[in-house]
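Notes follow once the structure below has been shown.
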Amino acid sequence: MDTTRLIIVAVGGQGNLLSSKVLGEAALLSNTPVRMSEIHGMAQRGGVVESAIVFGDAKSTIISDGKADVFVGFEPSETLRALNRCNSDTVVISNLAPLPLFTVAIGKGVYPDIEAARELIRKKTARLIAFDGIALAKEAGNPMSLNMVLLGALIQTGKIPVTAENVKETIRTKTKKAFVDINLKAFDLGFAAAKKCG
Amino acid sequence: MHKLLTENPGEKMLLLGNEAIARGAIEAGVAFTSTYPGTPSSEISLNFFQMSQESDLYFEYSTNEKVALEVAAASANCGVRSMCIMKHVGLNVASDALMTLAYIGVKGGMVILTADDPFLFSSQNEQDNRYYGKLSGLPVIEPSSVEEAKEMVPYAFDLSEKLQEPVLFRTTTRINHSTAFVKLGSIKPRVTKGSFKKDPLNYVTVPAVSRKLHVKLLKNIETAKGISEQSEYNFIEGNGNLGIICNGVSYSYVSDAVEGLNIKDKIKILRIGFSNPMPETRIKNFLKECEKVLVVEEGEPVMEEAVKAFAQEAGLCFEIKGKSEALFPRLYEFNPEQVQNNIAKYFGIPHTPAQVPDLSDVPEIPQRPPNLCAGCSHRATYYEIKKVAEKMDTIYPSDIGCYTLGMLPPLSMADFVICMGGSVGTSCGFSQVTDQKVISFIGDSTFFHSGISGLINAVFNNHNFTLVILDNGITAMTGHQPNPGVDMGNLKLEGYGRVSIENIVRATGVKHITMIKPYKVKKSIEAIKEALSYKGVSVIISEEMCTLYAKNLRLLKPRSFVITDKCKDHKNCVNELACPAFYIEEKRVKIDEDMCVGCAVCAQICPENAIMPLKKG
Ligand code: SF4
Numbered sequence: 060m061d062t063t064r065l066i067i068v069a070v071g072g073q074g075n076l077l078s079s080k081v082l083g084e085a086a087l088l089s090n091t092p093v094r095m096s097e098i099h100g101m102a103q104r105g106g107v108v109e110s111a112i113v114f115g116d117a118k119s120t121i122i123s124d125g126k127a128d129v130f131v132g133f134e135p136s137e138t139l140r141a142l143n144r145c146n147s148d149t150v151v152i153s154n155l156a157p158l159p160l161f162t163v164a165i166g167k168g169v170y171p172d173i174e175a176a177r178e179l180i181r182k183k184t185a186r187l188i189a190f191d192g193i194a195l196a197k198e199a200g201n202p203m204s205l206n207m208v209l210l211g212a213l214i215q216t217g218k219i220p221v222t223a224e225n226v227k228e229t230i231r232t233k234t235k236k237a238f239v240d241i242n243l244k245a246f247d248l249g250f251a252a253a254k255k256c257g
Numbered sequence: 006m007h008k009l010l011t012e013n014p015g016e017k018m019l020l021l022g023n024e025a026i027a028r029g030a031i032e033a034g035v036a037f038t039s040t041y042p043g044t045p046s047s048e049i050s051l052n053f054f055q056m057s058q059e060s061d062l063y064f065e066y067s068t069n070e071k072v073a074l075e076v077a078a079a080s081a082n083c084g085v086r087s088m089c090i091m092k093h094v095g096l097n098v099a100s101d102a103l104m105t106l107a108y109i110g111v112k113g114g115m116v117i118l119t120a121d122d123p124f125l126f127s128s129q130n131e132q133d134n135r136y137y138g139k140l141s142g143l144p145v146i147e148p149s150s151v152e153e154a155k156e157m158v159p160y161a162f163d164l165s166e167k168l169q170e171p172v173l174f175r176t177t178t179r180i181n182h183s184t185a186f187v188k189l190g191s192i193k194p195r196v197t198k199g200s201f202k203k204d205p206l207n208y209v210t211v212p213a214v215s216r217k218l219h220v221k222l223l224k225n226i227e228t229a230k231g232i233s234e235q236s237e238y239n240f241i242e243g244n245g246n247l248g249i250i251c252n253g254v255s256y257s258y259v260s261d262a263v264e265g266l267n268i269k270d271k272i273k274i275l276r277i278g279f280s281n282p283m284p285e286t287r288i289k290n291f292l293k294e295c296e297k298v299l300v301v302e303e304g305e306p307v308m309e310e311a312v313k314a315f316a317q318e319a320g321l322c323f324e325i326k327g328k329s330e331a332l333f334p335r336l337y338e339f340n341p342e343q344v345q346n347n348i349a350k351y352f353g354i355p356h357t358p359a360q361v362p363d364l365s366d367v368p369e370i371p372q373r374p375p376n377l378c379a380g381c382s383h384r385a386t387y388y389e390i391k392k393v394a395e396k397m398d399t400i401y402p403s404d405i406g407c408y409t410l411g412m413l414p415p416l417s418m419a420d421f422v423i424c425m426g427g428s429v430g431t432s433c434g435f436s437q438v439t440d441q442k443v444i445s446f447i448g449d450s451t452f453f454h455s456g457i458s459g460l461i462n463a464v465f466n467n468h469n470f471t472l473v474i475l476d477n478g479i480t481a482m483t484g485h486q487p488n489p490g491v492d493m494g495n496l497k498l499e500g501y502g503r504v505s506i507e508n509i510v511r512a513t514g515v516k517h518i519t520m521i522k523p524y525k526v527k528k529s530i531e532a533i534k535e536a537l538s539y540k541g542v543s544v545i546i547s548e549e550m551c552t553l554y555a556k557n558l559r560l561l562k563p564r565s566f567v568i569t570d571k572c573k574d575h576k577n578c579v580n581e582l583a584c585p586a587f588y589i590e591e592k593r594v595k596i597d598e599d600m601c602v603g604c605a606v607c608a609q610i611c612p613e614n615a616i617m618p619l620k621k622g
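Sequence lines, in order, name chains D and B. Residue numbering for the first sequence is 60 to 257, as defined by our numbering. Residue numbering for the second sequence is 6 to 622, as defined by our numbering.
This is the structure in structure tokens:
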């Protein structure tokens with residue numbers, strides 16, 4: 060089976076580990092081979108967390124620079140920072156709601172302009188699906204459901220060999236009971252948002 | 006029931022490498038486990054800890070890796086299958102026990118897991134612990150994938166029992182922290198009790214005994230070599246006369262590269278999974294069928310040197326390469342593309358490397374370094390010490406924990422860090438040879454781990470410095486594991502003792518001891534002033550529970566602060582505390598309500614009294 064390489068980048072605390080877990084479990088339901096690797100040493104201390112998810116028959120669990128087929132960024136400046144992971148064929152999905160950089164607060168540098176970032180990413184990759192994921196997560200009932208919003212958008216692209224139904228089934232069985240409804244709604248909102256982005 | 010205790014052979018589970026390793030041990034019937042937590046190994050222990058609460062598996066967080074190894078060594082010498090888990094640098098601490106345990110050996114199977122961290126994702130060095138196999142004479146097993154890690158743990162236990170020696174199980178971060186589907190096997194029943202048979206002539210390592218034991222160890226190494234020659238974990242794949250010898254995660258990258266370059270008919274791979282002792286005859290035979298060989302291994306050229314020596318003995322003189330400027334570095338971790346490019350280059354295979362987009366027009370993005378959590382008590386202590394020591398010429402030796410993050414500006418409160426407990430020992434030397442004021446920092450867990458002996462040294466040799474023990478009641482950095490000072494009642498666990506840091510410090514003979522509550526800024530500053538002016542060894546114990554831990558335990562009352570109109574924009578709060586809850590909006594300082602935990606430290610330092618509790622509702 061062909062290999063699909065997905066990178067997810069987030070800031071510690073944004074809940075990206077759950078999205079990779081859901082994807083992995085959904086792949087198990089779909090009988091799709093999957094391997095992932097995560098670096099989360101300082102995740103809870105506000106650092107950047109990166110997950111690599113490789114679908115298909117490859118043995119490696121990490122993804123080299125320029126080799127992501129699909130890229131999901133939980134935060135716009137982090138999406139921009141990780142552009143070296145992408146190539147001109149990469150499909151990029153990014154939340155546009157920024158998380159302030161503390162270095163900026165103490166006067167070291169400026170937060171990148173979001174419109175300019177969007178333009179840059181669009182220019183250098185095959186397709187950019189970008190929207191305010193936090194607004195949608197809040198609409199679903201909890202800003203922490205950003206991970207499910209982005210999962211919805213990811214599945215809508217059709218780039219990942221996992222079906223929407225299997226992801227939803229995993230959300231139903233593997234995420235916290237109290238959040239299942241919110242998570243499902245967030246997934247649908249993200250899915251619809253990606254569709255609208257065309 | 007804990008998922009790793011599932012009795013359902015054949016079931017496929019999505020497991021983290023560390024879970025797979027723990028499961029492998031459970032399947033092997035491990036009954037006794039001990040550790041000192043350390044990334045990237047910590048989740049193995051966490052799973053044992055959880056399982057021990059609902060089964061007869063024994064697990065303990067020991068005070069340090071040496072103790073953990075001794076505890077497990079005794080258990081294994083009573084015939085109980087035992088496992089000891091640590092990160093790579095932990096084995097340095099345990100190495101004293103390790104080296105002579107290799108002479109004595111074990112009765113029940115004993116596996117020592119050492120998790121190396123190429124690229125230093127969360128470590129102070131990237132040493133290659135395969136050398137410990139050579140140094141001690143113990144067998145080394147190295148998995149290449151998550152699934153294989155699970156399979157290899159029971160193999161390692163059987164091997165240990167066959168050889169009557171502990172076995173080193175060496176992983177790297179990309180095994181520990183990768184996830185894959187793993188097929189469960191059946192669980193061997195645990196034998197939790199053993200018995201010790203006196204045999205001083207084999208157990209008491211006085212010189213006369215050890216001289217004989219060393220002979221026995223060398224014999225064991227020969228036996229191990231025979232097993233390594235036959236091991237299914239040293240296997241050959243493909244056919245062709247270009248050879249690649251690899252181990253660990255490098256094997257995955259090599260496999261993918263051979264597939265990607267479509268050169269299966271040209272390349273023969275020898276994967277080494279039982280890497281000490283090396284399967285000498287196997288390697289020689291492999292070499293004889295090759296014209297050119299590439300050795301792919303992260304870290305040091307351990308296999309490369311051995312392979313070159315074997316080639317020399319076999320009278321082969323074709324090209325064998327691995328580490329070199331043009332090929333593989335001794336630094337950091339490898340990645341699939343790098344391995345593919347090097348294979349193509351070395352063997353002259355046509356290939357276009359991956360295209361990385363031109364990013365020259367992307368603006369520079371400010372860094373997002375990890376930071377102490379909002380409300381972390383370390384920040385408060387650092388701020389207070391810094392205030393008091395403002396005019397002093399200081400040296401801040403520090404240690405290993407979350408508080409090492411205090412090295413970053415604006416706190417800049419770490420000047421010298423080498424190893425666990427090193428803050429105290431180095432303070433002795435710094436204070437002896439300089440006239441600078443030495444103020445060192447150590448966490449509670451690190452103090453128990455190896456700070457105490459340094460402190461005793463300081464008292465005995467009459468050194469002159471202030472040690473600040475940052476007691477936040479948990480081993481925070483590695484994910485909130487208990488240590489001897491922790492109130493286990495918070496975890497609703499019974500049957501534990503509790504050791505008071507203050508009593509230990511007192512018992513070492515320190516004359517000047519100060520207790521502070523770091524959230525009380527004024528009071529703490531007063532107390533710190535006095536402690537810093539003391540000549541001799543003074544100790545400040547700064548006590549406040551780790552905020553993140555308190556949050557997880559739901560011990561934090563939700564309370565948040567806001568910046569009111571009284572703010573005159575001095576920005577002392579942001580610039581001196583660097584709490585991540587601050588952000589700037591339209592040039593004004595704001596507090597992120599969701600992040601703020603209400604420690605009120607900023608409210609106490611604001612010259613305008615502009616920071617007030619947020620009235621909800
Ligand atoms: S985990 Fe605890 S000790 Fe570590 S930075 Fe956060 S609050 Fe501080």
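Note that beta-carbon positions come from the ideal geometry of N, C-alpha and C, so glycine has one too. For clarity, every value in this text was computed on a predicted model and none was experimentally measured.
Query                                                                                                                                                 : Result
Among B:Glu531, B:Gln132, B:Glu65 and B:Leu553, which has the Cα closest to the Cα of B:Gly478?                                                       : B:Leu553
Between B:Lys71, B:Gly199 and B:Pro123, which lies nearest to B:Asn82 when the distance is taken from Cα to Cα?                                       : B:Gly199
Starting from the Cα of B:Glu330, find the closest Cα among B:Arg135, B:Val76 and B:Asn347 and give me that residue.                                  : B:Asn347
Answer with yes or no whether the minimum CB distance from D:Phe190 to chain B is below 7 Å.                                                          : no
Does the ligand SF4 have a heavy atom nearer than 6 Å to the CB of B:Thr552?                                                                          : yes
Does the contact criterion of 3 or more C-beta pairs under 8 Å hold for the stretch 401 to 417 of chain B versus the stretch 444 to 451 of chain B?   : yes
What's the gap between the Cα of B:Pro148 and the Cα of B:Asp122?                                                                                     : 15 Å
For the ligand SF4, any of its heavy atoms closer than 6 Å to the Cβ of D:Ala252?                                                                     : no
Taking 6 Å as the cut-off, does the CB of B:Ala605 come closer than this to any heavy atom belonging to the ligand SF4?                               : no
Counting only beta-carbon separations shorter than 7 Å, does D:Asp128 have a partner in chain B?                                                      : no
Are the Cβ atoms of B:Asn488 and B:Phe453 separated by less than 7 Å?                                                                                 : yes
How about B:His485: is its C-beta nearer than 7 Å to some C-beta of chain D?                                                                          : no
In chain B, which residues lie less than 9 Å from D:Ser136 when you measure between Cβ atoms?                                                         : Ile370, Pro371 and Arg373
Do the stretch 236 to 243 of chain B and the stretch 183 to 195 of chain B meet, that is, are 3 or more Cβ pairs less than 8 Å apart?                 : no
In chain order, what residues of the same chain lie with their CB nearer than 7 Å to the CB of B:Glu598, ignoring the 5 residues before and after it? : Ser565 and Leu619
Counting along the chain, where does the beta strand (DSSP E) carrying D:Asn154 start and finish?                                                     : Val150 to Asn154
At 8 Å on the CB atoms, spell out the chain B contacts of D:Asn143, in chain order.                                                                   : Val361, Pro362 and Leu364
Kindly indicate if chain B contains any beta-carbon less than 7 Å away from that of D:Ser123.                                                         : yes
Could you give the residue range of the alpha helix (DSSP H) that holds B:Leu377?                                                                     : Run containing B:Leu377: none; DSSP gives neither H nor E here.
Using three-state DSSP, classify B:Phe352 as helix, strand or coil.                                                                                   : helix
Identify which residue in B:Lys571, B:Cys604, B:Arg373 and B:Glu590 has its Cα closest to the Cα of B:Pro612.                                         : B:Lys571
Please confirm whether B:Val98 and B:Lys71 have their CB atoms less than 7 Å apart.                                                                   : yes
Would you say D:Ile98 faces chain B, with C-beta separation under 7 Å as the test?                                                                    : yes
Could you spell out where the beta strand (DSSP E) holding B:His517 opens and where it closes?                                                        : His517 to Ile521
Does D:Lys126 pass the burial test, meaning 16 or more other C-beta atoms within 10 Å, or should it be called exposed?                                : buried
Would you mind telling me which residues of chain D sit closer than 9 Å to B:Ser505, beta carbon to beta carbon, in chain order?                      : Ordered by position in chain D, no residue passes the 9 Å Cβ test against B:Ser505, which lies about 28 Å from the chain.
For B:Leu292, which option in B:Leu321, B:Glu264, B:Thr569 and B:Arg593 has the closest C-alpha, if you only look at C-alpha atoms?                   : B:Leu321
Following a CB-centred definition, is B:Ala586 positioned closer than 6 Å to any heavy atom of the ligand SAM?                                        : Here the bound small molecules are the ligand SF4; the ligand SAM is not part of this structure.
Of all the residues that make up the stretch 602 to 622 of chain B, which are near chain D by a beta-carbon distance shorter than 7 Å?                : none
Of all Cβ atoms in chain B, is any one closer than 7 Å to the Cβ of D:Ala156?                                                                         : no
Between B:Ala316 and the ligand SF4, is the CB less than 6 Å from at least one heavy atom?                                                            : no
Is there a C-beta anywhere in chain D that falls below 7 Å from the one on B:Thr184?                                                                  : yes
Indicate, with yes or no, if the ligand SF4 has a heavy atom lying under 6 Å from the CB of B:Leu582.                                                 : no
So which residues on chain B does D:Glu84 lean against when the C-beta distance must stay under 7 Å?                                                  : Leu19
Beta-carbon of D:Thr120 versus every beta-carbon of chain B: anything under 7 Å?                                                                      : yes
What does the alpha-carbon distance come out to for the pair B:Lys596 and B:Thr569?                                                                   : It is worth fixing the name first, because residue 596 of chain B is Ile in this sequence and not Lys. Their Cα atoms are separated by approximately 10 Å.
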